[in-house]
Amino acid sequence: MPSALLIEDDPANQAVIAVMLARCGYDVRTIGSVREASELAKHQFDVVIADIVLRDGSGEAAAQAIGATAGLLFISGWPVSDLWDRGLLPPSALERQHFLTKPFTFGELRERLTQLIAIAGQSVHEDFGGREAKVPQVVAARDGWVQAALASDCPP
1164 MPSALLIEDD
1174 PANQAVIAVM
1184 LARCGYDVRT
1194 IGSVREASEL
1204 AKHQFDVVIA
1214 DIVLRDGSGE
1224 AAAQAIGATA
1234 GLLFISGWPV
1244 SDLWDRGLLP
1254 PSALERQHFL
1264 TKPFTFGELR
1274 ERLTQLIAIA
1284 GQSVHEDFGG
1294 REAKVPQVVA
1304 ARDGWVQAAL
1314 ASDCPP
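Everything in the sequence shown is counted per the working numbering, starting at 1164 for the first residue and increasing by one.
Given below as structure tokens:
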């Protein structure tokens, strides 16, 4: 089973995206900070999905801390223009289209993962049959929303 590291500091987004990755056939490990990423420097992951703006730094710094180069996908709820203007968006993320803006759908995530892992000869395992679910960008009632999202929006 291919492995995925999700670096996301929002617990609700982390929970929903982790389910998406698991449904794609990944063994998922989640962390929420650059500090936690530095503790994983010797671990290898098939894909790394990193939120660009973390509470203690950037997704790019977290990815560098674990030595991720291939199979790297950046995500953010910030508009691309704001990230670019503030110097937060790694140029390689746009050049290789290794970027997704939250909220995104299962289909969008699956498509990006397929692009990322095609080079390594892996495949995305789960067929979502055209069903899609949005990842919440801002969650007011975190637990209730995550439970509702997991119960109703995820493919069987």
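Where a beta carbon is used, it is the ideal one built from N, C-alpha and C, also for glycine. From a predicted model like this one, the values you see are computed outputs, not experimental measurements.
Q | Same chain, Cβ closer than 8 angstroms to residue 1230, five either side skipped, listed in chain order | A | One-based indexing of the sequence shown puts residue 1230 at position 67. 1204.
Q) Tell me, which residues are paired with residue 1220 by DSSP? A) Taking the first residue of the sequence shown as 1, we reach residue 1220 at position 57. In DSSP, residue 1220 forms a bridge with 1217.
Q) With 16 other CB atoms within 10 Å as the buried threshold, where does residue 1296 fall? A) Translated into the one-based positions of the sequence shown, residue 1296 becomes position 133. Low confidence applies here, because residue 1296 scores a pLDDT of 39, under 50, leaving its location unreliable and the question unanswered by this model.
Q.
Give me the residue from 1175, 1187, 1242, 1243 with the minimum Cα distance to residue 1209.
A. The residue you call residue 1209 lines up with position 46 of the sequence shown. Closest option to residue 1209, Cα to Cα, is 1187.
Q: To the nearest angstrom, report how far apart residue 1215 and residue 1168 are at their CA atoms.
A: Indexing the sequence shown from 1 puts residue 1215 at position 52. Indexing the sequence shown from 1 puts residue 1168 at position 5. Going from the Cα of residue 1215 to the Cα of residue 1168 covers about 14 angstroms.
Q | Simplified DSSP assignment, three categories, for residue 1292 | A | If you number the sequence shown from 1, residue 1292 lands on position 129. Bear in mind that a pLDDT of 39 at residue 1292, under 50, signals an unreliable position, so the model cannot answer this.
Q. Just curious, the alpha helix (DSSP H) that residue 1178 is in, first and last residue?
A. Along the sequence shown, one-based indexing puts residue 1178 at 15. 1174-1186 is the extent of the alpha helix (DSSP H) around residue 1178.
(Q) Considering only their Cβ atoms, is the gap separating residue 1280 from residue 1234 smaller than 9 angstroms? (A) What you label residue 1234 is simply residue 71 of the sequence shown in a count that begins at 1. What you label residue 1280 is simply residue 117 of the sequence shown in a count that begins at 1. Yes. Within cutoff.
Q: Give every residue of the same chain whose Cβ lies closer than 7 angstroms to the Cβ of residue 1226, excluding the five residues on either side of it in the sequence, and list them in chain order.
A: For this step, residue 1226 is matched to residue 63 along the sequence shown. So the qualifying residues of the chain are 1211, 1213, 1235.
**Q.** Alpha-carbon spacing of residue 1197 relative to residue 1254, whole angstroms
**A.** Locating residue 1197 in the sequence shown gives position 34, counting from the first residue. Locating residue 1254 in the sequence shown gives position 91, counting from the first residue. Each residue's Cα considered, the two are about 20 angstroms apart.
Q: Kindly identify the DSSP beta-bridge partner or partners of residue 1190.
A: By 1-based counting over the sequence shown, the position of residue 1190 is 27. Here residue 1190 is bridged, per DSSP, to 1166.
Q | Residues bridged to residue 1212 [DSSP beta-bridge criterion] | A | On the sequence shown, residue 1212 is found 49 positions in, with the first residue counted as 1. In the DSSP assignment, residue 1212 forms a beta bridge with 1169, 1236.
Q) For the putative contact between residue 1262 and residue 1237, defined by C-beta atoms under 8 angstroms, what is the C-beta separation to the nearest angstrom? A) Residue numbering aside, residue 1262 sits at position 99 when the sequence shown is read from its first letter. Residue numbering aside, residue 1237 sits at position 74 when the sequence shown is read from its first letter. For residue 1262 against residue 1237, the beta-carbon gap comes to about 5 angstroms, under 8 angstroms, which counts as contact.
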